[in-house]
Each structure stands twice: as structure tokens, then as C-alpha cells.
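So the structure is just underneath, and the comments pick up after that.
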Amino acid sequence: MKLLPFEPVKAAALAALPHVLDWAGVHWKQVHHEIQMINPTRSNDDGYGSFSINAHSGVWADFASGDKGGDVIALVAYLKSYGQGEACKDLARLLGIVNGEAPAAVVPAPLPVAAPTAEAVLPIPAALMGKMPRSKPHHPGKPVQFWRYNDAAGQPLVFVVRLEPGQNGRSKDYFPLSVWKDADSGKTTWRWKNLNAPRPLYGLDRLAARPDAPVVICEGEKAADAAAQLLPGHVAVCWMNGAEAVNKADFRTLAGRHCLIWRDYDAPGWEAATTVAAQLAKVGAAAVSHVPVERFETCRPSDAGQTPALLDGGKWDSGDDAADALAHGWTAAHLRLLLETEPEAVAASTGQAIEATAASKASAAPRPAPSAFGNPFKLSERGVYFQTEDMDTPLWICSKLEILARTRDKNAGSWGLLVRFTDPDGNIKEWNIPSEQLASSEGAEVIKGLLSRGLLLGAGPKARQRLLEYLARYDGNERATIVPRLGWHDSSFLLPDIQLGQNDERLIFEAAQKQREAMQCVGSLAGWQSQVARYCIGNSRLAFSVASAFAGPLLGVLGSESGGFHFYGDSSQGKTTLLQAAASVFGGPGYLQTWRATDNALEAIAAAYSDCLLTLDEIHQCDSRIIGEAVYMLGNGRGKSRANDKGGSRGAVAEWRVLFLSSGEKTLAAHMSEAKQQMKAGMEIRMLAIQADAGQGFGLFDTLHDKDSGQALSDHIKASVIQQHGSAARAYLERLVQEKDGLAGLIRQQLARFDSEVLPGEAHGQAHRAAARFALVGIAGELASAWGVTGWPKGTAWQAAKTCFADWLKMRGTSGNREDEDILAKVRLFFEQHGEARFTRLSNESILHEQDGHAPDPDDHAPKTISRCGYRLKDKLSGLIKYYVLPESFRSEVCAGMDVNRACKLLTARGALETTKGAGNMLQVRTTPEAKYSKSGRAKVYCVTSALFADYAQEFDDAA
107 MKLLPFEPVK
117 AAALAALPHV
127 LDWAGVHWKQ
137 VHHEIQMINP
147 TRSNDDGYGS
157 FSINAHSGVW
167 ADFASGDKGG
177 DVIALVAYLK
187 SYGQGEACKD
197 LARLLGIVNG
207 EAPAAVVPAP
217 LPVAAPTAEA
227 VLPIPAALMG
237 KMPRSKPHHP
247 GKPVQFWRYN
257 DAAGQPLVFV
267 VRLEPGQNGR
277 SKDYFPLSVW
287 KDADSGKTTW
297 RWKNLNAPRP
307 LYGLDRLAAR
317 PDAPVVICEG
327 EKAADAAAQL
337 LPGHVAVCWM
347 NGAEAVNKAD
357 FRTLAGRHCL
367 IWRDYDAPGW
377 EAATTVAAQL
387 AKVGAAAVSH
397 VPVERFETCR
407 PSDAGQTPAL
417 LDGGKWDSGD
427 DAADALAHGW
437 TAAHLRLLLE
447 TEPEAVAAST
457 GQAIEATAAS
467 KASAAPRPAP
477 SAFGNPFKLS
487 ERGVYFQTED
497 MDTPLWICSK
507 LEILARTRDK
517 NAGSWGLLVR
527 FTDPDGNIKE
537 WNIPSEQLAS
547 SEGAEVIKGL
557 LSRGLLLGAG
567 PKARQRLLEY
577 LARYDGNERA
587 TIVPRLGWHD
597 SSFLLPDIQL
607 GQNDERLIFE
617 AAQKQREAMQ
627 CVGSLAGWQS
637 QVARYCIGNS
647 RLAFSVASAF
657 AGPLLGVLGS
667 ESGGFHFYGD
677 SSQGKTTLLQ
687 AAASVFGGPG
697 YLQTWRATDN
707 ALEAIAAAYS
717 DCLLTLDEIH
727 QCDSRIIGEA
737 VYMLGNGRGK
747 SRANDKGGSR
757 GAVAEWRVLF
767 LSSGEKTLAA
777 HMSEAKQQMK
787 AGMEIRMLAI
797 QADAGQGFGL
807 FDTLHDKDSG
817 QALSDHIKAS
827 VIQQHGSAAR
837 AYLERLVQEK
847 DGLAGLIRQQ
857 LARFDSEVLP
867 GEAHGQAHRA
877 AARFALVGIA
887 GELASAWGVT
897 GWPKGTAWQA
907 AKTCFADWLK
917 MRGTSGNRED
927 EDILAKVRLF
937 FEQHGEARFT
947 RLSNESILHE
957 QDGHAPDPDD
967 HAPKTISRCG
977 YRLKDKLSGL
987 IKYYVLPESF
997 RSEVCAGMDV
1007 NRACKLLTAR
1017 GALETTKGAG
1027 NMLQVRTTPE
1037 AKYSKSGRAK
1047 VYCVTSALFA
1057 DYAQEFDDAA
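This note's numbering puts the first residue of the sequence shown at 107, with every later residue one more than the last.
Here you go:
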């Protein structure tokens, strides 16, 4: 016996679920990933919502009865009332995938329709009225209200009963209650069951009693009772079972009547009103009109005086109906006044209703306001609520969750939703929810992300499902662009909590909550000026560091490269104080970062502070093996490209423009030397080193103002930046975005002025690059002062920049090329260390025999030269010591790791290299032993002279 193909049938049936449901003969509709259907096995299921099927997994459940299953096979077995094996066979034949007993061509029969086993007793016998049940089996609620449906003679046909509480957490349920006679036994009993369609209207006896009165048609019995009070000249009626059951009602009793439709103020109510209008046209109603429910939003009834009046400013929420109008204070007189002032809103003939229905459902009835149309969700200060037409009270889903905009990046990808809410501690949170998370794992990541950020969510799976539906229903026109960094974006400057300047739409940078908090404003600009900024006056290091914070945004104005400054010196000189004071321009103590990070982490940090100031404390905490590359990376403004598994680039490469301040006890060169690495000139220019000690005996300070010591002033600044921070950057940037367009030319003029004041004309380009960065800091500080941000006198920042540059240049030792100086220094070091030990001394007379080659040999009794590199002798005529370096020793040892030709060119320029014409960079000599034993009587050597040592020549004279 062959096994039934359950797994293939499950998969195929799920893929063809709409086809299977049509074959099964059930009524269904799809809402996003959920299929809702009316359960044919339950007689009181007259509307969608209770029976749900997950279109992705096939899991289904009837929340009203508790029946449920895990796949489509189980669903068919449930509907047909037979085993899952038979259901599998039927589906296999339907989908053409079975090779079993039944032929594949056989089409399974539709679900059998059970023969009637009972019939309704109409009207209900008077003898049974006293035997009406007072509870519903297996239902937690108790009947709290009965609505009686009568025939024209006033005899009862069916009751609608409201039970509280409802099942599955609902506040209430509505069930029909009628009398039925069993076909087999003939027994007559009450049943919680509806009448077969077409079903009678509520109020047939009132219609018969007033045959000429106009009719008002509502959705629901409670609304109809209220409408009877508000429109006493009308007969108020309704149909059974709400918006989904309009087509099951019998409207023939309204033929020839003038009908007024009072719909519920939501999307299902609007659709139901449209369907009612079409039904009335079919049965021949004399006229059809609508209550202008939109007017309830704009006006309200006046309760003052004898004469009714309408005032501006109404209250009308999604789902409101006639019963809510009564509760809001409307009376028959007020409603009559409203209808008299809106004749065009209620006038609509039957012919117009038919035409509108045929052309478009949207024009058959007035559309609700955008907040109500098509959306059962309501947002208030207390949270997000869900309410449909059959719910007396709304379902609380979560705390207030605003959807601000639909987001995407500049390439129209990575779509999402920007939401805002407040956590239980009162912190405002914003999160850009990626749309892909809404579609994966049924939104589990979205729920987890919102909960982890502090959103309060209702209990149970329904709240989660409704929350995801609330997000998915968003159809607003607001748009925002996701950007990968802070700072300049066209003419706007973006900070974590504010966008300054003009832009076509909002920009979103997903800053970490820690950064968002670190860049908040605390205190005031005046407080920052009096407690922090005023102590910068007369203190070159302090003024320079604070001015550096204002220079960061100017990088984008000029299109300048990133770069930074490093304050170095002994412990407890106040280096961290410099960084804290500078950081206070943008934020609080949390703004200060440290070097304790990997190079990958530094990429993210730099991008997070783009066009702002980045402060990195304690350089010794960074691995000395990577610090040089990290400085290169920060200065280049671009992170590392990484490959994916296909060999291409993995994701976007981080980019930034940033001016950074660093601190540490050692210079970059000293820190790198610990790992036996050498600092390159490019590293030096990207992070310019400044001695933190101002040289006045007060550590970093030149003057103490009103404090007793440098320590007291440092402590004061550290305490003040906690209470006063962030306001200076806002004030500065607000003015900068206004002045940006005309600022670049002025800044370039001042850069040239600074350069001419601090450097000689023959200075190397490296020195000019350094001077430009110092100048930018001075210019930024002067702009901030001119705009009233710092409170400094004119020239404070400019002079601080000049002082710090002069100290940097003094420490560097040259305004020339650092690479050239490094080459000469290495050559000089070699001769300092090995000038005697590795160079055999030639006699002073040897130079006299340079022409004839008869110089005496080195003294065999002199100490032996170990690992000889060449020879040395003193020229008594010039007073120079000459080092004859053997060619291979010069290339492999003296110039190890260097360009030999470049080294020779530099030595020649210093007058420290003697050469023979035609011998390139070498000198032909006759005085060395190698020359005597060669065929030509000559030997080529590199002749380096003691002119290399300049001021130290006398010292080397004595040594020789």
C-alpha cells in the first residue's frame, strides 16, 4: 500500500490556497498575509474576522469556536467533516499530483450541503417567550441587552443579544437568538442561530404603523434606537449582523419610501452605506439621501439659550454613529438645523445612487475624513487603538507610536518607516524600521526592536498582529532620506536631533542613543560663555582647542581634507581638560571618545562625528601597531573597502570629514617606536603634534584668571562643561548655514594671510598644509566670536593659532620636507654610531698620494675594523673628515629602506657628498687598498663628509 503524499500535497495546496477555498465553496477575502473566511460549519458566523488562515504557513483558527489546525489538509478535513487521509486524496486529485487508487482525472466533488435538519418558527410562539435562555453555552458572557425584530404585525421573529464580556478577550459579543423546529423529532426549541437569508429589518412594525413617514437606515440596533430620538419624523431601521451582511437583508419593505442613510464614520461603514444605496435602488425606493456625517467633525451643538445653534469645533471619531451623536449632546432640533444647512449633502435621488454605484463605489456616498477612511486605527496621546464597526470599545494596541515618514536612501533603496515614541522614563525615541523586517519572520524583529527601545505593547498575539497592520497601513505622503553620516548635506547641516538649513525633505541619520544623549544641549549659551569660554582668553592651548570645534563644519564649506591635532606631554598637565572644553561646544562629557578602539570601530566613530569635532583621549590605549594606519584613515576620510563572498565590495564604505583632537603622554612617533615602526611624514601632517605645556609654569595654561592654580582652573572647567554644553554649536551652525554660500572666498583669503605671516616663502608644501589647518582653526574661532558665540575679543583665536603653530614648527625643527629630514637624520645616525668602529682610518699622508696612488697601507698593528663599511681620513686642508663608504655597504646599510639616489641628492645639496664627474654619485679614489689591487688603480666609493653634521663638525674633528 502506497503512502499518501502528505508533504507534497501540503505544499501544493498552500500555494493554490485561493483555488482550494473556491473549490471548497467558502466565502473568503485576503487581508495582507491573512485570509479571512466565513465558517460554514458555524451557523452564527455572518462576518469576516473570526476565522483566519495564515497565507504563508497554512495555520488556521476559528477564534470564536476555538477550532484550529496546522495546514490546508487539516482545514479541508475540518470543513468536510472527514479524516485527513481522505482530505489528502481529494486535494491530490484536485491538484493533479496523486498516483494512488483514484484516477487523476477524477475531480473531487464540492463540499456536500447538508440537508436542512430544522426550520425557523416564525413568528415566535407566545408560549416560548417565557422560556428564552438567559445564557449561552460555553460562552463567558451574560446577556445584557436584547433587540427584538418584529414582523409588520408586531410579532417577534428573532432577537439580537449582546453578551458581556465577549470571547477571546473581546469586551462584548452579539449573537442572534431564534426558535427552531427539529425536522426529525418535531421538537421546538430556542437556538443561538440566525435566520436564513433574506433576513428581516429591525423595525418592520414601525414601518407598517407609519407608511408615509421617511425612513432613516442605520448600522446596528443601538444606532437605530438613537436615530429614532434624533429624527422623530423618521422611522428608524437597521439590518442584522453589521456591514458584512448588507446583502443578506430584505430591503423590499422600503420600496417607494424616502430613505436617509446614517452610516458609521469609518471605511466599513462607508462601504456598507454604498451597498445599502444600491439595494434600495434595486427595490425601488423613492429617494435615497445621506446624513452628512463629516459635518460632525466641524461643528457642535450649543446648549445655551432657547434657540438651538451650531458652533465651530466638533467631536467625531472613527466609528462614531447616531448613538455617539446622542452622547455628544446632539438633539433633534440641532440635527434638523444641520440638515437644513446642508441640503446639497443629503439630496440624492435613487437614480443618482444607481449611477454612482455603477460608476464608482466611492461616489455613492460622502467619503469619510482621511483619518477615518479605510483605517480602523486611531492615534491619541494615550496610545494606538483599533476599533471596527462591531466593537463598542476600542482595543488598546500600544503606547503612542507616531509614523513620521516613509524613508529610503539616496538611491531609492532600503525603504522603511520612521517612527517616534516615548519610553516609560519619558525619553523620546526615534527608529527607522526597515521594511524588510516587516516581511520577515512575521514582523518578529520589528516587535523585538520596538520593545527593546521601550514601547509599551498590549498583551496577547492580537496586539502584535494589529501593531504590524498599523505600520503596514501607513499611506502618508511624508518622505525622509536616510543618510550615512552627520554634517553637511547640500545646504543643510544634520545633527542627531535637529536639521539646520533648507532641504527638500527631512534627513535621517540613525544615531545611537548614547550619541544622541551626548549631543544634547544643557544650560545656555550665556552660561557656557561665562563658565567655560571666558577662561580661553589669554590661554593659547585652551582657546585653540575650543576654536577647533568650530573648525570642523568649515571643512565642508571649503572641501578641505580631514585632519587633527595631538596634544602631548607629561601626565596631569591638563590634556584631557583641553579635549573636554572643546567637546563642550557640541555636547556633554559623553561626547569625549578615547583611542581604545579597533580601526574598524574608529571608522564608525568618525562617520558618526562627520563635519563636527572628534575628540580622542589617551593615545596610548590604541595598539601601537595600528595607530599609524588609524591616523592615515582618519585623515583620508574614508574607511576600509571589504570584499563579499563573490569578490565584490561588501556594502558601502564609510566616509566622513572630521577635524579631530587627540591627547597622550607621547607623540605619535614615540608611540609607534614602541612597536619598532617609523612614523611617516604623511602621518605627521595628518595629526599635528602640539606640546600641551604652555611653558608658563601652569601646565596647559598661560594665565589663571581668577583661580589660584592650574589644577583649580582645570577642575572648574571640568565641572562647568557638565552643566553647560551643546548650545554653542547650535548657535554657530544656525548662523553658518545662512552665511555658507559667501564664506568660502573670505576663508581662503585669510588662509593665505596666515600662511604669509608664519612661514617663509621657501617652506615646503608639508609646512604649508600644516599652516592651513592651524589657520582654519583660527578663522573658525574668529567667525564664532564675530557671530557672538564665544564672547572673545577679536584676535583671540587667531593669535592662539599662531602661537600653537610656532610651537609645532619649533618642535618639528624645519619648515622643509619631513621625508628629506628623515633621510638625512638616518644617514647622520649611521655615522654617529659607526663613524670609528666600522671605518678603517687611513693615514693623513694618504691624501697627498691621491694622484700617484702610492699612499701607505693601513697600519697592520692598528685595532682590527669589524664589519668594515669603508675608510676615513681627515683632509687637513679643508678640515673635513671624509668617509669612503664601499658601494654595497652604502646601499644596503647606510641607505637601508631609502631611495639611494634621493639620499645622494640631499647629501649633495648639503655639501656632504663628494663626487667625480662621470661617476654618478660616487668618487673615484686611489688611496684605498681596493684601488691598489684593481687593474685601473682606482676604486669607486661614496664619499660622505663631516659637512653632514654642520654645527657638530668640531666634535667630529676631535674624534678623528
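Ideal Cβ placement from N, Cα and C applies to all residues, glycine included.
- The residue among Leu915, Val382, His434 with its C-alpha nearest the C-alpha of Ala869 is Leu915.
- In this structure, the straight-line span from the alpha carbon of Leu197 to that of Ala119 is close to 7 angstroms.
- Nearest neighbour of Gly1024 by Cα position, chosen from Lys1046, Leu445, Asp427, Leu889, turns out to be Lys1046.
- Taking 8 angstroms as the cut-off, the beta carbon of Val126 is found no closer than this to the beta carbon of Met143.
- Distance from the Cα of Ile853 is smallest, within the candidate group Glu840, Ala886, Ile711, for Ala886.
- Pairing Ala878 with Glu888 gives a Cβ-Cβ distance that is not under 8 angstroms.
- With contacts defined by Cβ atoms closer than 8 angstroms, Ala428 and Ala319 do not form a contacting pair.
- Lys988 sits in a strand when the DSSP states are folded into three classes.
- For Thr721, the enclosing beta strand (DSSP E) covers residues 719-723.
- DSSP places Lys248 inside the beta strand (DSSP E), whose first and last residues are 248-256.
- The region 640-652 makes no contact with the region 769-785, as fewer than three CB pairs between them are under 8 angstroms.
- By the C-beta density criterion, Asn347 is buried, having at least 16 other C-beta atoms within 10 angstroms.
- With 16 or more other Cβ atoms from the protein chains shown falling within 10 Å of its own Cβ, Asn1027 counts as buried.
- Take the alpha-carbon of Gln686 and the one of Lys824: they are about 7 angstroms apart.
- Closest option to Ser668, judged by alpha-carbon separation, among Leu698, Leu765, Glu575, Leu577: Leu765.
- Fully enclosed alpha helix (DSSP H) runs of no fewer than 4 residues occupy 871-892 of the region 867-903, in order along the chain.
- The C-beta separation of Gly275 from Gly566 comes to about 6 angstroms, placing the pair in contact by the 8 angstroms criterion.
- With respect to the C-alpha of Arg875, the residue from Glu999, Phe1055, Ser921 having the closest C-alpha is Ser921.
- CA-to-CA, the gap between Val525 and Ile725 works out to about 39 angstroms.
- DSSP places Trp134 in the strand class (E or B) of the three-state scheme.
- Burial of Ile614 is indicated by the presence of at least 16 other C-beta atoms within 10 angstroms of its C-beta.
- Counting along the chain, no alpha helix (DSSP H) covers Cys975, and no H or E run does either.
- About 5 angstroms separates the Cβ atoms of Phe692 and Ala835, confirming a contact at the 8 angstroms cut-off.
- Taking one beta carbon from each stretch, the region 656-670 and the region 626-641 have fewer than 3 pairs nearer than 8 angstroms; the two do not touch.
- One alpha carbon belongs to Trp296, the other to Arg240, and they sit about 11 angstroms apart.
- The region 598-637 contains, as complete alpha helix (DSSP H) runs of 4+ residues, the segments 619-624, 631-637 (chain order).
- Classified as buried, Met778 has 16 or more neighbouring CB atoms from the shown chains inside 10 Å of its CB.
- Checking the DSSP bridge columns, you'll see Ile203 has no partner listed.
- By DSSP's assignment, Gln699 forms a beta bridge with Leu722.
- Taking 8 angstroms as the cut-off, the beta carbon of Val759 is found no closer than this to the beta carbon of Met793.
- Between Leu930 and the set Ser862, Arg1008, Met917, Gly582, the nearest pair of CA atoms involves Arg1008.
- A straight line joining the alpha-carbon of Ala361 with that of Ser395 spans about 15 angstroms.
- In the three-state reduction of the DSSP assignment, Tyr371 falls in the coil class.
- Looking at the DSSP output, Gly770 shares a beta bridge with Tyr674.
- Bridge partners of Tyr491 according to DSSP: Lys484, Trp502.
- If you draw a straight line from the Cα of Pro271 to the Cα of Ser424, it is about 23 angstroms long.
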